[in-house]
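J.: Take a look at this one; I'll ask things after.
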Amino acid sequence: MQADRTKIARQFIEGLPHCNALGMSLSSIGEGEAEILMPYAEKLIGDPETGVIHGGAVSALMDTCAGAAVMSHPEAGLATATLDLRIDYMRAAKPGATVTAHAICYHMTRSVAFVRVSATDGTSDVPVAAATGAFTVERGKS
Amino acid sequence: MSRPKPEPVQVVKERRDAALAALVARVPYVAFMGFQFERRGDELTALMPYRPDLIGNPSLPALHGGALAAFLEVTALISLSWSMVWPKIEAGNTVDVLPAFPKTIDLTVDYLRSGLPRDAYARAEITRAGRRYASVQVEAWQDNRARPTVQAIGHFLMPERSVTDG
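Protein sequences appear in the order of chains A and B.
Sequential numbering of the first sequence, starting at 1, is according to my numbering.
Sequential numbering of the second sequence, starting at 1001, is according to my numbering.
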């Protein structure tokens, strides 16, 4: 059951057009946790003077990772959508470095899933960004 | 004593449009996402033309929440930068008017409706722009202006201004 859920969540995330456009790849998923990588690319640059990637790309990565964590939770519903996401940008990601997001769905009710996400670039213990979000839980007719 | 003759309207428009185009063209990510900016006087409206690679839920289908968040953040950043550029171009400056971009401190995105597989539009309202920090509200809609798709509030760190900026 959980293995099926994880497999479905993996297939769903890996098939998302926007995630493929940004070059994301799922490194691990299961039991309400997910990790997604986004390699550095010139098209993601937000500040051409420094080569730092745009916050918007990091936001898309964190939103995807949070959604993946929700989908893999043992009590997940059929589908999910972002209700609210607050992102704090602590520092610029190092140009050239892959950004890795790690999300934990730490609480799930019948209708709402609560998630924490952090994004790192491997150069410091201080994350590039951190986010907290609330996601819908679609359970269909019961 | 008569007032100086006003500049031809076309000259004024060209100067403003050139500054806006230069501002937007500086960001590779904006070009990659296909975001565009339209101007009426000093008011900007951002446009995210629909593309299949903006989809985040193929079964509905719906736009990716991250693409919408990025759209709002870009709209806020370009609008903030534009508000710094505007007084300079109105003073007749055409060179070196582009400031460094503000930096996003945080962004809180409120997803109101699922994003339809159609074009999206956004406008930002600068609630406060101080010397160091700015607070910006931004809203995006699609077919119906009265039914916003997403809204956000963001805080931004303003770029250091040179002494001569006044």
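Positions of the beta carbon are idealized from the N, C-alpha and C atoms, including for glycine.
Reducing DSSP to helix, strand and coil, say where D1053/B ends up.
T.: helix
J.: Would you mind telling me which residues of chain B sit closer than 7 angstroms to I87/A, beta carbon to beta carbon, in chain order?
T.: Think of a sphere of 7 angstroms around the beta carbon of I87/A: the chain B residues whose beta carbon falls inside it are D1106, L1107, in chain order.
J.: Check whether the Cβ of A1022/B lies closer than 9 angstroms to any Cβ atom in chain A.
T.: False, the Cβ-Cβ gap to chain A never drops below 9 angstroms.
J.: Roughly how many angstroms separate the alpha carbons of V1012/B and L1112/B, rounded to a whole number?
T.: Their backbone Cα atoms lie some 39 angstroms apart in a straight line.
J.: On the DSSP letters alone, give me the boundaries of the alpha helix (DSSP H) that R10/A sits inside.
T.: 2-14
J.: Rounded to whole angstroms, what's the CA-CA distance from S124/A to N1144/B? Just pull it up for me.
T.: 45 angstroms
J.: Work out the CA separation of R86/A and V1027/B for me, nearest whole Å.
T.: C-alpha of V1027/B to C-alpha of R86/A: approximately 23 angstroms in a straight line.
J.: Relative to the alpha-carbon of R1167/B, which residue among A1129/B, T1108/B, E1139/B has its alpha-carbon at the smallest distance?
T.: Not covered by the structure: residue 1167/B. The range shown for chain B is 1001 to 1166.
J.: On a CA-only basis, which of V128/A, S111/A, P95/A, G46/A is nearest R139/A? Give me that one, please.
T.: Across the set V128/A, S111/A, P95/A, G46/A, the C-alpha of S111/A shows the shortest separation from the C-alpha of R139/A.
J.: Short check: CB of Y1029/B to CB of H18/A, under 9 angstroms?
T.: no
J.: Under the three-state reduction of DSSP, which class applies to V58/A: helix, strand or coil?
T.: V58/A: helix per DSSP, three-state reduction.
J.: Going along chain A in order, which residues have a C-beta closer than 9 angstroms to the C-beta of L1054/B?
T.: P17, H18, A21
J.: Determine, using beta carbons only, whether L26/A comes closer than 9 angstroms to chain B.
T.: Closer than 9 angstroms: no.
J.: Scan the segment 88-126 of chain A and note each continuous beta strand (DSSP E) run of 3 residues or more that stays entirely inside, going in chain order.
T.: 99-108, 112-120
J.: Report the residues of the segment 36-65 of chain A with a CB closer than 8 angstroms to any CB of chain B, ordered along the chain.
T.: E42, K43, L44, I45, G46, D47, P48, E49, I53, H54, G55, G56, A57, S59, A60, L61, M62, D63, T64
J.: Counting along the chain, where does the alpha helix (DSSP H) carrying Q1010/B start and finish?
T.: 1009-1025
J.: For the candidate residues P1049/B, R1161/B, F1156/B, whose alpha-carbon lies nearest to that of L1080/B?
T.: Between L1080/B and the set P1049/B, R1161/B, F1156/B, the nearest pair of CA atoms involves F1156/B.
J.: Can the beta-carbon of I1153/B be found less than 9 angstroms from the beta-carbon of L1107/B?
T.: yes
J.: Please state the DSSP three-state secondary structure of L1112/B.
T.: coil
J.: Kindly identify the DSSP beta-bridge partner or partners of Y1133/B.
T.: Partner(s): L1157/B.
J.: Measuring CA to CA, which of I1105/B, L1068/B, A1062/B, P1061/B is closest to L1047/B?
T.: L1068/B
J.: Output needed in chain order: residues of the segment 75-102 of chain A with a Cβ under 7 angstroms from some Cβ in chain B.
T.: Within the segment 75-102 of chain A, contact with chain B at the beta-carbon level (separation under 7 angstroms) is assigned to A81, T82, L83, D84, L85, R86, I87, D88, Y89.
J.: Can you give the beta carbon distance from V1109/B to V1097/B, rounded, assuming they're within the 8 angstroms contact cut?
T.: The pair is not a contact, with the Cβ atoms about 31 angstroms apart (cut-off 8 angstroms).
J.: What would DSSP say about D63/A, mapped onto helix, strand or coil?
T.: helix
J.: Report the neighbours of R1026/B on chain A: residues whose CB is nearer than 8 angstroms to its CB, in chain order.
T.: P48
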